[in-house]
Amino acid sequence: MLYRAMNSAASGMDAYIFNLDVISNNLANAGTTGFKRSRANFEDSFYQYYKPPGTQDNQGNRMPEGIFAGLGVRVGATQPDFTQGSLLDTGRRLDVAISGEGFFQVTEGGQTFYTRNGQFTVNDTGTLVLATANRGLIIDPPITVPNDVIDIGISADGIVSATQAGSTQLQQLGQLNIARFINPEGLVHVGDTLYQLSDASGQPQLGQPGTLGLGTVRQNYLEASNTEPVRELVDLIKTQRNVEFNSQVVQASDQLLQMVAQLRRY
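See below:
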């Protein structure tokens with residue numbers, strides 16, 4: 394019995410220490426553009442039954458309740474939270490935020506990625522790309538910006554236009570599409586605020602912003618991380634206390650085992 398209590402409490406410590414890792418990652422990315430916080434979901438482990446509900450007693454009556462003991466807790470899943478982050482006005486013409494549902498689609502080396510980060514720039518060939526620390530991912534479908542552009546505009550439905558030197562007319566450069574998933578929580582995190590599809594996420598539904606349930610885009614804005622530091626700190630304190638409570642159960646079980654080991658027969 395005491396060993397079971399120690400193992401149950403140890404499983405609780407393991408689970409909540411894992412939760413500390415999730416919370417620390419959320420707090421570390423509180424200033425990351427387009428970042429989506431995650432939470433650890435827990436579930437109880439299986440149970441050991443001594444008498445299941447409905448067992449007959451000595452009088453032939455059915456017991457309305459059983460006798461059982463749980464065997465601890467485990468992490469069921471790490472669930473990302475895709476709620477909208479705050480939109481921050483940057484004033485930069487190639488900064489774009491999604492207001493509503495959807496992801497920008499970018500490619501690199503034949504691989505397709507999805508992101509809420511709209512910090513776009515142009516590379517040496519004038520192609521619109523999402524710049525990360527180690528690479529530039531091309532917007533899909535590709536959009537090329539001429540060298541003599543003096544102003545660029547992106548409408549709410551994703552049409553990219555530019556004014557070239559010596560002209561007052563807008564020239565349409567391309568269409569900025571976004572994608573949505575039936576289960577965005579099933580996307581695979583690959584770092585750099587990028588995601589890849591999986592069997593759980595389903596196939597992307599690509600379309601023009603503002604159609605098919607997709608959000609619209611906002612030029613000169615970026616979407617901030619949806620991490621709420623106060624909420625995370627409250628969760629951090631709760632997690633610390635749960636680790637302490639489980640450690641106290643381990644200590645109490647150990648003390649009782651010591652008492653049993655020290656019993657003498659007279």
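Using this note's numbering, read the sequence shown as starting at 394 and increasing by one per residue. Here a beta-carbon is modelled for each residue, glycine too, at the ideal position from N, C-alpha and C.
Distance between beta carbons of residue j and residue i, contact taken as under 8 Å
{"i": "residue 496", "j": "residue 466", "result": "With 8 Å as the limit, residue 496 and residue 466 do not qualify as a contact, their Cβ atoms being about 33 Å apart."}
{"i": "residue 547", "j": "residue 538", "result": "Their Cβ separation, rounded to whole angstroms, is 11 Å, which puts residue 547 and residue 538 out of contact at 8 Å."}
{"i": "residue 463", "j": "residue 444", "result": "Not quite, the Cβ-Cβ distance comes to about 15 Å (not below 8 Å), so this is no contact."}
{"i": "residue 584", "j": "residue 570", "result": "Rounded, the Cβ-Cβ distance is 23 Å, inconsistent with contact."}
{"i": "residue 499", "j": "residue 506", "result": "5 Å"}
{"i": "residue 635", "j": "residue 405", "result": "7 Å"}
{"i": "residue 532", "j": "residue 522", "result": "7 Å"}
8 Å Cβ shell around residue i - same chain, five flanking residues per side excluded
{"i": "residue 549", "result": "602, 603, 609, 610, 611"}
{"i": "residue 400", "result": "464, 465"}
{"i": "residue 403", "result": "465, 639, 643"}
{"i": "residue 452", "result": "none"}
Exposure of residue i, with buried meaning 16 or more beta-carbon neighbours within 10 Å
{"i": "residue 587", "result": "buried"}
{"i": "residue 426", "result": "buried"}
{"i": "residue 513", "result": "buried"}
{"i": "residue 526", "result": "exposed"}
{"i": "residue 573", "result": "buried"}
{"i": "residue 615", "result": "buried"}
{"i": "residue 447", "result": "exposed"}
{"i": "residue 508", "result": "buried"}
{"i": "residue 646", "result": "buried"}
{"i": "residue 457", "result": "exposed"}
{"i": "residue 566", "result": "buried"}
{"i": "residue 433", "result": "buried"}
Alpha-carbon to alpha-carbon, residue j and residue i
{"i": "residue 489", "j": "residue 540", "result": "21 Å"}
{"i": "residue 416", "j": "residue 479", "result": "20 Å"}
{"i": "residue 429", "j": "residue 653", "result": "51 Å"}
{"i": "residue 360", "j": "residue 630", "result": "The structure shown has nothing for residue 360, since the chain only spans 394 to 659."}
{"i": "residue 659", "j": "residue 472", "result": "The predicted position of residue 659 is uncertain, since its pLDDT is 45 and thus under 50; a value taken from the coordinates is nonetheless stated next. Cα to Cα, the separation comes out at about 58 Å."}
{"i": "residue 620", "j": "residue 510", "result": "15 Å"}
{"i": "residue 607", "j": "residue 493", "result": "7 Å"}
{"i": "residue 534", "j": "residue 411", "result": "39 Å"}
{"i": "residue 656", "j": "residue 648", "result": "13 Å"}
{"i": "residue 559", "j": "residue 544", "result": "12 Å"}
{"i": "residue 597", "j": "residue 396", "result": "49 Å"}
{"i": "residue 518", "j": "residue 592", "result": "35 Å"}
{"i": "residue 431", "j": "residue 557", "result": "44 Å"}
{"i": "residue 530", "j": "residue 627", "result": "37 Å"}
Cβ neighbours of residue i in the same chain (closer than 7 Å, five flanking residues each side left out)
{"i": "residue 449", "result": "455"}
{"i": "residue 423", "result": "618, 620, 622"}
{"i": "residue 437", "result": "463, 466"}
{"i": "residue 594", "result": "574, 576, 577, 579, 580"}
Close beta carbons around residue i, own chain, < 6 Å, minus the five adjacent residues each side
{"i": "residue 413", "result": "632"}
{"i": "residue 599", "result": "570, 572"}
{"i": "residue 564", "result": "555"}
Terminal residues of the beta strand (DSSP E) in which residue i lies
{"i": "residue 527", "result": "Run containing residue 527: none; DSSP gives neither H nor E here."}
{"i": "residue 473", "result": "466–473"}
{"i": "residue 436", "result": "431–437"}
{"i": "residue 492", "result": "489–492"}
{"i": "residue 462", "result": "460–463"}
{"i": "residue 611", "result": "609–612"}
First and last residue of the uninterrupted alpha helix (DSSP H) at residue i
{"i": "residue 625", "result": "622–654"}
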